[in-house]
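In the UniProt record's numbering, the protein residues as written are 1 to 676.
Here a beta-carbon is modelled for each residue, glycine too, at the ideal position from N, C-alpha and C.
None of the values given here were measured: they were computed from a predicted structure.
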Amino acid sequence: MATTPSTSPAARPRQYRRILTSILHRKFVHASAVSLIVCYVVAFFIGVKSSFFWSWFPLGACGFRTLLLSISCLAIFILRVGQMHVGARTTSSAFSATRQALFSFSTLQTFGWYLASAWWFSEVYMWSSSESAELNWVKPGRPHERAKLNERPIYLHCFYALLAITQSILHIYFDWDKIHIPVSKRSATSASQSTHELEPLPVRIRKAVPQVLYDAVIRSLATAVVGPFIYMLFLRRIAWSWVLSFAKLFWNFPRSAADPPGLIPPLHILLLLRAATSGVLLVTLWQVSNLLFSTFLGQAPLKKGQPLTNESKDPNGSLINGLKAKRDVVQTFAFWELCLIGQQFPERRKAIFADIDRNGGSAWTQILGASTNVIKGITARINEHQNPTALPPTDSSIASGKTSDSSNMNGQPTTIHTLPRLTSPPKEDNIFLASSKPTTRPEKFESAFGSVAKSYGQSPDWTPAARNQARNILNRATTAVLSPEQKKRISASAQELKLLTNSSSSSSTSGRPRTHPLIHQFLSSLVGLPFRQSYARRLRIIILGTPYASLSPIIDAVESLTRLLIASMAEDQFGKVQADIATVVRLFTETVMTLESFTGAGEGGLNVHWTDVDFPPADAGMEIQKKARRVEEVEMIKEALRGGLAELLEAFKLYLDDVGIRGKELRMAREAAGLV
Numbered sequence: 001m002a003t004t005p006s007t008s009p010a011a012r013p014r015q016y017r018r019i020l021t022s023i024l025h026r027k028f029v030h031a032s033a034v035s036l037i038v039c040y041v042v043a044f045f046i047g048v049k050s051s052f053f054w055s056w057f058p059l060g061a062c063g064f065r066t067l068l069l070s071i072s073c074l075a076i077f078i079l080r081v082g083q084m085h086v087g088a089r090t091t092s093s094a095f096s097a098t099r100q101a102l103f104s105f106s107t108l109q110t111f112g113w114y115l116a117s118a119w120w121f122s123e124v125y126m127w128s129s130s131e132s133a134e135l136n137w138v139k140p141g142r143p144h145e146r147a148k149l150n151e152r153p154i155y156l157h158c159f160y161a162l163l164a165i166t167q168s169i170l171h172i173y174f175d176w177d178k179i180h181i182p183v184s185k186r187s188a189t190s191a192s193q194s195t196h197e198l199e200p201l202p203v204r205i206r207k208a209v210p211q212v213l214y215d216a217v218i219r220s221l222a223t224a225v226v227g228p229f230i231y232m233l234f235l236r237r238i239a240w241s242w243v244l245s246f247a248k249l250f251w252n253f254p255r256s257a258a259d260p261p262g263l264i265p266p267l268h269i270l271l272l273l274r275a276a277t278s279g280v281l282l283v284t285l286w287q288v289s290n291l292l293f294s295t296f297l298g299q300a301p302l303k304k305g306q307p308l309t310n311e312s313k314d315p316n317g318s319l320i321n322g323l324k325a326k327r328d329v330v331q332t333f334a335f336w337e338l339c340l341i342g343q344q345f346p347e348r349r350k351a352i353f354a355d356i357d358r359n360g361g362s363a364w365t366q367i368l369g370a371s372t373n374v375i376k377g378i379t380a381r382i383n384e385h386q387n388p389t390a391l392p393p394t395d396s397s398i399a400s401g402k403t404s405d406s407s408n409m410n411g412q413p414t415t416i417h418t419l420p421r422l423t424s425p426p427k428e429d430n431i432f433l434a435s436s437k438p439t440t441r442p443e444k445f446e447s448a449f450g451s452v453a454k455s456y457g458q459s460p461d462w463t464p465a466a467r468n469q470a471r472n473i474l475n476r477a478t479t480a481v482l483s484p485e486q487k488k489r490i491s492a493s494a495q496e497l498k499l500l501t502n503s504s505s506s507s508s509t510s511g512r513p514r515t516h517p518l519i520h521q522f523l524s525s526l527v528g529l530p531f532r533q534s535y536a537r538r539l540r541i542i543i544l545g546t547p548y549a550s551l552s553p554i555i556d557a558v559e560s561l562t563r564l565l566i567a568s569m570a571e572d573q574f575g576k577v578q579a580d581i582a583t584v585v586r587l588f589t590e591t592v593m594t595l596e597s598f599t600g601a602g603e604g605g606l607n608v609h610w611t612d613v614d615f616p617p618a619d620a621g622m623e624i625q626k627k628a629r630r631v632e633e634v635e636m637i638k639e640a641l642r643g644g645l646a647e648l649l650e651a652f653k654l655y656l657d658d659v660g661i662r663g664k665e666l667r668m669a670r671e672a673a674g675l676v
């Protein structure tokens, strides 16, 4: 028998964020430990093979190189921790995403950490190389010769920097800061109830290793081909001057060493091969670090097979705290845990139903409120898009309103300071009496020119007659000068110009709006691709939110309410949950109908932006239009709502009339669930 958790009214439950941080820290340590294996393999390859035993023995130089190389992986882990988020980035266009990335501090961090990791790897690699590699910064020369700057390590550092820049751009473009949580469609015939199908860790890592090696080889080879040209044209003199400024602190160089020797750098083919092979190892470290971080931290919120909050003194309070969290990572894992509780842990479900004496309402009431807010967010964002709110009042009007209110509250008259008056105030005398003779200078001026000024406002409008006369003259002139073919050509050009400048065709509900052929050709090209605002992108912003999509919390909220309501038939001792069955059914029904209307081609649906040249035109068939309006993430939400609604109607079909679902509401619910 489940017991109600005994919590003191003054005691606050442990924050879910702290519980999640603890388990994520443990997974971070596990990922770092596994990365040491890859660092050990890389340390073996870059080491000197003079002795076979010491080339691989972990307690020798190979082990020390492994620890040094782990710092390069640690830099990527620190980057991922600082910029970790759940859900894909939602933007209206590729240009908008690029603009946000260029002016964000996270982009600067990404480039900085990758460059730092590349620099550290280059130092470890040069230290581990043999004397025959000639990777010393300075060539001492013979006793009678001056020291010379060695260009080989300079090129290697520039090559690794180019790899870091390439990796940073790919990191930002593919949004590798995201922790991927797969959301699976669960049909009524599927055996598994899980909404997040995750393969075991060894299987996921083993499947990803071939792709990691392939990406490392391709990026390193591509950089090795392009790198010498970029180095020779843009980086050589800058890198040479930087290295020379530091080398002068310890060595004496002739004045001729101020510039690199020759126009073409002395890059031997063996040096290029060395750069390419070592670049493969560096990119492998980066790719493995990203893979391990995403894999370990993307696991289910379980500890030893039990929910994370089980070890808390107040499990329900900590879980509710996570459901109400503002940060997307905390809220996503909290709803994931709630979904697992509803599917797999009956003891925790009973504890939730029995926890009726709690500050802020019972545990079920607060869980219902948090889940409802997530689901209602869809309808709220749709309503906000269809009926945008007015601009807030300006600061000056707010300040003046506060001043007047405060003065009225004090019982003192309000003094309003305005600009100086430029004209005389309106007369308050009898306007039917004859005006007196002017005496002052302003009155004399008004008397002299007032009648003339009033006559312009009282005269009839002359513009219609003048406009008609000008049109008749223009028509007679064009008839006398232009031939019928020329007039038709000019009329067509005018229509194209009107189509080019018409603002009413900015969007269309039924299909792709018409645009000027030149604009259509530009948007269809690769140059215009970043400026397209596709239907799918705009729909994701409205339905899933911004800046990151909240798909996982929405699916988990729907699944959690469905599982908990169905389980309450046998596990709710006090019968408190059944009072909210009608509320959840109405919520699911309203959300499904709103989504169907908004994603449809009829009135109230999301319009098609004029830049979306890939969308079918208005004269295309209805099936093509419907297929173009299907967005995978939105369809998953629809299926989850329909499936949950159908299960609720089936489970409570004998009690729907008792809980208040009857007549029109029942018919609409069955239609929304697809049961009719």
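- Three or more Cβ pairs drawn from the region 634 to 648 and the region 558 to 565 lie within less than 8 Å of each other, which places the two stretches in contact.
- Between Lys324 and Ala380 the beta-carbon gap is near 17 Å, outside 8 Å, which marks them as no contact.
- Pairing Glu131 with Val48, the inter-Cα distance amounts to about 10 Å.
- Lys248 sits in coil when the DSSP states are folded into three classes, being neither helix nor strand.
- In the three-state DSSP reduction, Lys139 falls in the strand class (E or B).
- Between Thr309 and Ser294, the alpha-carbon positions lie close to 22 Å from each other.
- Assignment of Ile179 by DSSP, reduced to helix, strand and coil, places it in the strand class.
- In the pairwise beta carbon analysis, the region 627 to 639 is classified as not touching the region 647 to 661: fewer than three pairs are separated by under 8 Å.
- Assignment of Val226 by DSSP, reduced to helix, strand and coil, places it in the helix class.
- The three-state secondary structure of Arg152, taken from DSSP, is helix.
- In the three-state reduction of the DSSP assignment, Gln109 falls in the helix class, which pools H, G and I.
- Cβ-Cβ separation between Asp177 and Arg80: approximately 6 Å, consistent with a contact (criterion under 8 Å).
- Ser534 and Leu270 have their C-alpha atoms some 48 Å from each other.
- Contact annotation, Ile165 with Phe111: C-beta distance approximately 7 Å; criterion of less than 8 Å satisfied.
- In this structure, DSSP gives Lys626 a helical state, which the three-state scheme calls helix.
- For Val330 against Gly322, the beta-carbon gap comes to about 6 Å, under 8 Å, which counts as contact.
- When Tyr114, Ala567, Pro153 and Asn136 are compared, the shortest CA-CA separation from Ile172 is found for Tyr114.
- According to the DSSP assignment, Leu323 belongs to the alpha helix (DSSP H) that extends over Pro315 to Leu323.
- In this structure, DSSP gives His30 a helical state, which the three-state scheme calls helix.
- Straight-line spacing of the CA atoms in Leu249 and Val243 works out to 11 Å.
- With a contact defined as Cβ atoms closer than 8 Å, Lys27 and Phe296 qualify at about 4 Å.
- Within the same chain, Cβ atoms closer than 7 Å to the Cβ of Gly605 are found at Thr509, Ser597, Phe598 and Thr599, the five residues on either side in sequence being excluded.
- Relative to His85, the option among Arg18, Ser220 and Ala549 whose CA is nearest is Ala549.
- Cβ atoms of Leu68 and Val124 come within 8 Å of each other, at about 5 Å.
- Note that the C-beta distance between Leu319 and Glu347 is not below 8 Å.
- The C-alpha of Ala354 lies about 13 Å from the C-alpha of Ala567.
- Cβ-Cβ distances below 6 Å link Ser524 to Val613 in the same chain, with the five nearest sequence neighbours on each side left out; the list follows chain order.
- By the C-beta criterion, the region 92 to 110 is judged not to be in contact with the region 150 to 162, since fewer than 3 inter-stretch pairs fall below 8 Å.
- Per DSSP, the beta bridge partners of Arg89 are Tyr548.
- Between the C-alpha atoms of Gly141 and Arg206 there is a straight-line separation of about 50 Å.
- Going by beta carbons, Phe531 and Thr611 fall inside the 8 Å limit.
- Arg219 and Glu571 do not touch by the CB rule: their CB atoms are close to 54 Å apart, not below 8 Å.
- The three-state reading of DSSP puts Arg206 in helix, counting H, G and I together.
- With respect to the 8 Å criterion, Leu198 and Gln344 are not classified as neighbours on the basis of their beta carbons.
- Looking at the backbone, the Cα of Lys576 and that of Arg586 are separated by about 18 Å.
- Phe574 is a Cβ neighbour of Ile356, given a cutoff of 8 Å.
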